[in-house]
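Below: one structure, written as C-alpha cells.
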Amino acid sequence: MKTTIKYICTGLSLCACTCLVNNLPAQAETTNTAVTTTAAGWNRQSVMDVARRVADWQIKDYPENKYAKSEPRGWIAGALYMGMFDWAELSGDNTYYDWLRKIFNRQSWQVANRMYHADDVCIAQTYIDFYNKEKNENMLKPTIARADWVLNNPSNGSMDLDYSKGSTIERWTWCDALFMAPGVYTRLYTLTGNRKYMYFADGEFRATYNHLYDKDEDLFYRDSRYIGQKEANGKKVFWGRGNGWVIGGLAEILKTLPAEDTEFRPFYLELYKEMSERLAGLQGKDGYWHASLLDPDSYPSPETSATGFIVYGLAYGINQGYLPADKYLPVVKKGWEALTRAVETNGKLGWVQPVGADPKKVTRDMTELYGTGAFLMAASEIYKLADK
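The sequence shown runs -28 to -1, 1 to 360 under mature numbering (1 follows the signal peptide of the UniProt record, and there is no 0).
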C-alpha cells in the first residue's frame, strides 16, 4: 500500500493582484542605486573581481541567514549552491569547493524531506555536479534513491496549485519548479544513460508547459491562480523571478542533456529561444527586469534575482551559439552592468525580492541566497563573453 506523504507547507500570503505604485519613482530608486556603487567594467578581470566579492560576502553572511539555518537542503540555499559551484569552477579556487563540500557532508548528501516536492531536490543538481567532479558515490546515492522512488510512485495530483491540498504540490504546478527539479533528471539521464529519468522529467515539464505557458505572451504564469488576473495597467500577471526561474532552468536542461540528444533537445531549445526573444524585449531602460514583467511602472524598483537568472539564461545561449550575439549581447551587457550596480562595496547584492510568488515591492537592502546564486551563475557565463 502506497505510503501517504504528509506535507508541511510554508504558507505564502498571496495578495490579490492589486498593484501598488511605490512611493519613490523609478528614476529616484535607480539613481539611488548608483550613488554608492558603479557598474563593473566589461572585461574578465572585472567579472572575476565582482563575483569574488559577492561570493565572499555571502559565505561570510551564510551562518546568519535564517534559511541557511532552518532549511540548508531547501531551494533557497539550493539555488545559491548552484551558483557557488559555477563560481568555484570559474575561479579555480578550491576554497569554494571546500565550503560547499563541508555543508554537503554535514547534510550527508541528502535531499530535503518532502518526497515529491520539486523544491526539495534542487540541491541535488549540485550534488550530481560534485559527483561528476570527484566520483564519490556517497555524493550520489541519496539523490538516485529519491528519484527512483518518485519514478516508481508517480503522483496523479492536479495541476491546479492549491496549498490546502498537498497532492497539488506533488506535481510541478508552479513555474519555479522548472528550475528546481528538471535539471536533476537531465543530469541523471546523462550520467547513467537511463532514459527513464528523462521520460519522467519531460512528461512533467510538458504538463506544466501545457498548463501555465501563455503562447500569446511567450511567458509562464507563476501558477494557475494567476491565470485571468490583471495588473494595475490591465496587463496579465507575469512574475519577473518566476520567468527567470524558467529561462535559467531551460539553460540548465540544455547544458546537462547529452550533446548528441535529438529526442528531447529540440522542444527545449525552441522554447528557450522563444522565451529569450520575449524576455529580451521586456528589459527595462535601467538594465533590470522588474518584479512585474508587463507592468514595471507599478514595480519600478530594480529586481536582481529576476535579472540574474535572465542574464544567466541569455548569456548561456550566446555562448552556445543558440542566440545571435549581435542581437542579444547588448541586452546581456546592459543587464550585467545593472546587476553589478546593485552590489555594495562589501559584496552584498541588493534589490532581491524576498520569497514569494508574485510581484512585490523591492528595496535596496533586500537580499537573499538565491539572488547571490543567480548572480554567480550569470558571472560564470558573462566571463566567457567579457572583452568581446
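Glycine included, C-beta positions come from ideal geometry on N, C-alpha and C. Computed from a predicted model, the values in this text were never measured in an experiment.
- Residue nearest to G319 within the set G328, V327, G343 is G343 (criterion: CA-CA distance).
- Taking 8 Å as the cut-off, the Cβ atoms of T115 and Y53 do not count as close.
- Straight-line measurement puts the Cα of A223 at about 7 Å from the Cα of Y288.
- In the three-state DSSP reduction, Y135 falls in the coil class, being neither helix nor strand.
- By the C-beta criterion, the region 25 to 35 is judged not to be in contact with the region 322 to 329, since fewer than 3 inter-stretch pairs fall below 8 Å.
- Each of R313, D267, N215, K299 was checked against the Cα of V22, and the nearest Cα belongs to R313.
- Where E224 is concerned, the enclosing alpha helix (DSSP H) starts and stops at 212 to 228.
- When rounded, the separation of the alpha-carbon atoms in K306 and N85 is 40 Å.
- Your pair L150 and G221 checks out as a contact, with CB atoms roughly 4 Å apart and the cut at 8 Å.
- V315: not part of any alpha helix (DSSP H); DSSP gives it neither H nor E.
- The C-alpha of R336 is placed about 45 Å away from the C-alpha of K168.
- In the structure shown, F192 falls within a strand segment according to DSSP collapsed to helix, strand and coil.
- Assigned with DSSP and collapsed to three states, Y185 falls in strand.
- Per DSSP, the beta-bridge partners of L321 are V315.
- In the three-state DSSP reduction, K257 falls in the coil class, being neither helix nor strand.
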